[in-house]
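Down below is the structure, laid out as structure tokens.
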Amino acid sequence: MYHWILLGIEPTKDKRAIKLAYTQLLKQTPPTEFPEEFKALRKAYDQALEEISKSDDDANDNSASWHDASLKAFQPQLDTDIEDTQDEVFSEPPPSSNHDIDDDKPVEFSTIKTISQLNLALTQLYSDISVRHSLEQWKMLFAAPICWDVNQSNALTVNLLDFFSKHYFLPENIWTFLDTSLSISGSLSISGDDTTRQIAVALSGYIKTLPKRIHDGLVVGISEHVDFKNLQRHLEIRNYIEDKCLYDTLTTEDLENVAEQIGPEFKNDFPLYNYIVKYLWTLNSYSAIKRILEPLTIPQTEEDLLNYQAHAEYKLKNYEAALALYLKQEHNYRVLCTKVMFKYIGLCYLKLNNYEKAYLYLDAKLAAIGDMELEVALITARRGYIRELRADEAKNAIKIATLLYENGRYQDALSITEQYKPIFVEQANYLQALCLCKLHRFEEAYSEFLVFIDLYNQRQLWGWPLVVDLLRYCYDLITYEVLVDTLQEHIASFQDFYKTDFFPGSTKPRCYSEQEMDILELTREDDSVRRPVESLGHTESLQIFALAILYIRDTELVAYADTSVVDDFQRNVLNYIKEIKQLMLYNPRDCLKFLEAAFDQQDFDTCIMLADIAIKGLRAAPQAYYFKGCALLELNQYDTALAAFQQAAHEYNTHPYAVHSLNSAIKCCEALIEQGLPYAQQCKALCQQLQDTKERVDGQ
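If you read the sequence shown in the working numbering, its first letter stands for residue 72, the second for the next number, and so on.
Here you go:
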């Protein structure tokens, strides 16, 4: 095809047409002025005559125009295997091979004044592996004198379109430049010339698909010494897979057959392998992924491929092989951060029945919300680890009880704490109180908390972590004496908040022991901290919540003569609550404790926010409906306040606050009637309901 491009005509068997084209170009390329171009032109002329002399068979006539065959219409066959399984063909006819242009001196872009010179330069640049992806080179070519020759502009455009319609395996950034320079997607796509328009439309469609193609159409890491024929074949393989993914479907057999055709010099085209493997993953073709990736030497930088390789081994139940790959990946990741692969390492250990390591790895991984696979695996790992620890139950009593507690087996954990009570007392571990709280035995838990507060005082231990748990679970049981005489001296300020969580009921921070650090191969001090499952900010939020509860309980138990003290406490509480809104979202019942303070301080937005959280999270929340109604009433939102008061009255039933709710509902109706709205009938019904409710309340 190279000689036809140089002659500037379509392939033909007409000798007169060939001679005419040669003669016309010869006038533009005198041998004395353009000796190299003349050589190339003469060579092209001879090759054209030689081609048509070999056979008169019309099958060799490649004069089909672009609109007769689109980008995906034809291709050379890869090999017999693909021919047997695929009907589709590659689209791009190969440009001249290296031996066609080896004898040609590289064209200086600044000297290009003729179409034949331009075609030679285009072919050389397109075929030069070292620079074909260089945007600067293409810009320099398009700055050649011929590109500024107004007299040749139409012929130039047609020639360039023809060239790129046959040679389009270029990356997105170069196509963006070509599209802008030639206005392919613009004016050419609406050209009055049918051929020009159809070529431009087809090319424009191809350009739009580049972001979905392998590495945006870019091939990297290829040696410049690779023969261009081989690169052309490789580009056809890529294009074949891309087109099948974009416009059709592929089977596992298709992809494996194509992967076998990748030449040895292109085994480092990892974007292509990534493309293939991702498609295979959607087909659950784990064995195929293993077969394709196993022979490759994949560098550490290709993290996705290495991960797919390990995941495939795991899916194939080759857990030891998967574990080795995951551990290798984990070591690679440690340059930036640790614990990236801990989930997968833990899953492998779990499958291999190494429960201690499985638990440690899974527990160390920061869980994404809703990662059920991790949560279920962690529970299973704990169970297995507990069974191993029971071999010496007395020695491991605290660890066993802690694991049971973390697994939600509160009654079993409580049994351990009761059976080995002296051990827990010796270690100042109040896990028994937490188990009782989880079992809703709050009075027993409260008594247990007080016992350990005395113990902490005797041993001069820091009691703030214990106070946080006490305030979290037994707020309603705290007496004036306990508040004033005991809790006040253990209150921490913000700067004294603990940054690392503690094991449940323990004074020991949630950190790994030296043995556990060795198991996890952790060396940095920062990695020794075991983060809480909920979130990094959960620990601090719980302490802020404890302070808020403490202030609220203080205002309830202490009769301050100076009401400004109460106001200050309530304002502080509301500031705390706003700061830990995320925590409140997951603790709707606790929102009820702060409704009155929000309303008293006329912070109606916060009052409504807390009420909505409680309403959404609780089966029945009459208090939330009541205070929401009160806040809305103050904001003159009578219709929504009315609905809230009615629901509050319904849920309060025979409680005295049902009467208050109905009285407020009637006020809302009256306000709406004053605005001229038709609420008279509803007001009358509410008055009757109020009378009936009063009778039921009084009759109790």
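Idealized CB from N, CA, C, for every residue including glycine.
Rounding to the nearest angstrom, what Cα-Cα distance links residue i and residue j in this structure?
i: Leu364; j: Leu593; result: 30 Å
i: Ala484; j: Gly608; result: 27 Å
i: Asn500; j: Ser577; result: 5 Å
i: Ser181; j: Glu207; result: 14 Å
i: Lys283; j: Lys338; result: 22 Å
i: Ile255; j: Val272; result: 8 Å
i: Ile744; j: Lys436; result: 60 Å
i: Thr251; j: Cys678; result: 58 Å
i: Lys422; j: Asp442; result: 18 Å
i: Ile217; j: Tyr311; result: 35 Å
i: Ala395; j: Ser584; result: 24 Å
i: Arg113; j: Ile270; result: 30 Å
i: Ala685; j: Cys740; result: 25 Å
i: Asp463; j: Phe513; result: 31 Å
i: Leu681; j: Leu666; result: 7 Å
i: Thr83; j: Ile89; result: 8 Å
i: Leu387; j: Asp572; result: 38 Å
i: Trp246; j: Gln223; result: 23 Å
i: Gly79; j: Asp85; result: 14 Å
i: Leu120; j: Ile186; result: 21 Å
Please list the terminal residues of the continuous alpha helix (DSSP H) segment that includes residue i.
i: Val272; result: Asp265 to Thr280
i: Asp250; result: Glu243 to Leu253
i: Ala719; result: Tyr709 to Tyr723
i: Glu627; result: His609 to Leu628
i: Trp219; result: Counting along the chain, Trp219 falls outside any alpha helix (DSSP H), and DSSP gives it neither H nor E.
i: Lys300; result: Phe299 to Tyr318
i: Glu596; result: Counting along the chain, Glu596 falls outside any alpha helix (DSSP H), and DSSP gives it neither H nor E.
i: Tyr773; result: The structure shown does not extend to residue 773, since the chain spans only 72 to 771, so no value can be given for it.
i: Ser198; result: Ile186 to Ser198
i: Ala751; result: Ala751 to Asp769
i: Tyr357; result: Tyr357 to Leu364
i: Gln586; result: Glu585 to Leu591
i: Asn528; result: Phe513 to Arg530
i: Ser732; result: Pro727 to Glu745
i: Ala499; result: Per DSSP, Ala499 belongs to no alpha helix (DSSP H) and is neither H nor E.
i: Asn643; result: Thr634 to Glu650
i: Leu321; result: Here Leu321 belongs to no alpha helix (DSSP H), and DSSP marks it neither H nor E.
i: Cys582; result: No alpha helix (DSSP H) holds Cys582; DSSP gives it neither H nor E.
i: Pro342; result: Phe341 to Thr353
i: Phe670; result: Leu666 to Asp671
i: Glu391; result: Tyr390 to Tyr404
Using a 10 Å radius around the Cβ and a threshold of 16 neighbouring Cβ atoms, would you call residue i buried or exposed?
i: Asp625; result: buried
i: His511; result: exposed
i: Thr764; result: buried
i: Ala751; result: exposed
i: Ala144; result: With a pLDDT of 36 at Ala144, under the threshold of 50, the modelled position of that residue is not reliable, and no figure is offered here.
i: Trp533; result: exposed
i: Gln762; result: exposed
i: Asn646; result: exposed
i: Asp264; result: exposed
i: Ser167; result: With a pLDDT of 44 at Ser167, under the threshold of 50, the modelled position of that residue is not reliable, and the figure given next carries that caveat. So Ser167 counts as buried.
i: Tyr318; result: exposed
i: Pro693; result: buried
i: Pro342; result: buried
i: Pro727; result: exposed
i: Leu227; result: buried
i: Ala736; result: buried
i: Leu91; result: exposed
i: Ile756; result: In the sequence under discussion, the amino acid at residue 756 is Ala, which differs from the Ile named in the question. Its Cβ having fewer than 16 others within 10 Å, Ala756 is exposed.
i: Phe565; result: exposed
Could you give the C-beta distance for residue i and residue j, rounded to a whole number, given that I count them as a contact under 8 Å?
i: Arg268; j: Ile278; result: About 15 Å; that fails the 8 Å criterion.
i: Ile427; j: Met412; result: Checking the displayed sequence, the identity of residue 427 turns out to be Glu instead of Ile. About 18 Å separates the two Cβ atoms, so there is no contact after all.
i: Tyr344; j: Leu376; result: 6 Å
i: Trp209; j: Phe248; result: 6 Å
i: Leu654; j: Ser612; result: 4 Å
i: Phe616; j: Ile651; result: 6 Å
i: Leu460; j: Ile471; result: 5 Å
Contact the region 299–307 vs the region 333–341: 3+ CB pairs below 8 Å: yes
Contact between the region 284–295 and the region 320–330 (3+ Cβ pairs under 8 Å): no
Stretch-stretch touch, CB-based, cutoff 8 Å, three pairs: the region 654–661 with the region 624–641: no
Contact the region 538–548 vs the region 465–484: 3+ CB pairs below 8 Å: no
The region 549–559 in contact with the region 579–594 per 3-pair CB rule at 8 Å: no
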